[in-house]
Amino acid sequence: MEFFQWHWWAGAALLMMIAEIFLPGFFLFCLGVGCIGASITAGLGFGPAGQLLVFSAFSLIAFFTVRPILMKRLWKKSTVLTNADALVGLRGRVSQDFDPGLRLGRVQVGGDDWRAESLTDTPLRIGDTIEVVRVESNTLIVKPLTTT
-8 MEFFQWHWWA
2 GAALLMMIAE
12 IFLPGFFLFC
22 LGVGCIGASI
32 TAGLGFGPAG
42 QLLVFSAFSL
52 IAFFTVRPIL
62 MKRLWKKSTV
72 LTNADALVGL
82 RGRVSQDFDP
92 GLRLGRVQVG
102 GDDWRAESLT
112 DTPLRIGDTI
122 EVVRVESNTL
132 IVKPLTTT
């Protein structure tokens, strides 16, 4: 079986698309688009100069048109909260009564038991619902929502 030039371009396009998975940024994707254009050109019988010209043109067009659209849609710069910062805003339940004078106790939030400090002097009892306001070191700063 004879291997035509368009096979090489199609293989290069496939490799570029696969490599894009491991090196995101859509640069290799644009080169893959250029390889697809060159593969079509080779399949139509154009010589190496025509193939390189189409490869370059398609790659540049993709780089300046398709890449910005993909970057805007797929690379949102929203920050993902992790670790203790992800606890802010979550609700939980009091697992140990809060000492009224110190405003310290324990709460269950996200399946874990945490040392907590209340923002208010309201006595918190086991089972009361709280919301995490902020995290200071290993202590959750909470506010009461309801009492049961």
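With my numbering, letter number 76 in the sequence shown gets 67, and the count goes up by one each step, no holes. In this text, a Cβ means the ideal position worked out from N, Cα and C, and glycines have one as well.
For residue i, the nearest candidate out of the options (CA to CA)
i, options, result
"ALA107", "ILE132, ILE121, ALA77, LEU51", "ILE132"
"GLY41", "GLN(-4), ILE60, ASN129", "GLN(-4)"
"THR130", "ASP112, TRP105, PRO114, GLY118", "TRP105"
"VAL123", "PRO114, ILE117, GLY101", "GLY101"
"ALA75", "SER128, THR113, VAL57", "SER128"
"GLY80", "PRO39, ARG125, MET8", "ARG125"
"ASP103", "LEU93, ASP112, PRO91, GLY83", "GLY83"
Residue environment, residue i, which counts as buried when at least 16 other CB atoms sit within 10 Å
i, result
"GLY96", "buried"
"ILE27", "buried"
"LYS134", "exposed"
"ASP119", "buried"
"LEU51", "exposed"
"TRP66", "exposed"
"GLY2", "exposed"
"SER47", "exposed"
"PHE92", "Per the sequence shown, residue 92 should be read as Gly rather than Phe. Burial call: exposed."
"THR111", "exposed"
"LEU115", "buried"
"ILE121", "buried"
"THR32", "buried"
"LEU14", "exposed"
"PHE55", "exposed"
Counterpart residues of residue i in DSSP-defined beta bridges
i, result
"TRP105", "VAL98"
"LEU131", "ALA107, VAL126"
"GLY23", "Looking at the DSSP assignment, GLY23 forms no beta bridge with any residue, so it has no partner."
Under the three-state DSSP convention, the category residue i falls into
i, result
"ILE121", "strand"
"ARG58", "helix"
"ASP88", "strand"
"GLN(-4)", "helix"
"ARG64", "helix"
"GLY16", "coil"
"GLY2", "helix"
"VAL79", "coil"
Problem - Touch test, the region 3 to 23 against the region 50 to 67, Cβ-Cβ under 8 Å, three pairs minimum - result: yes
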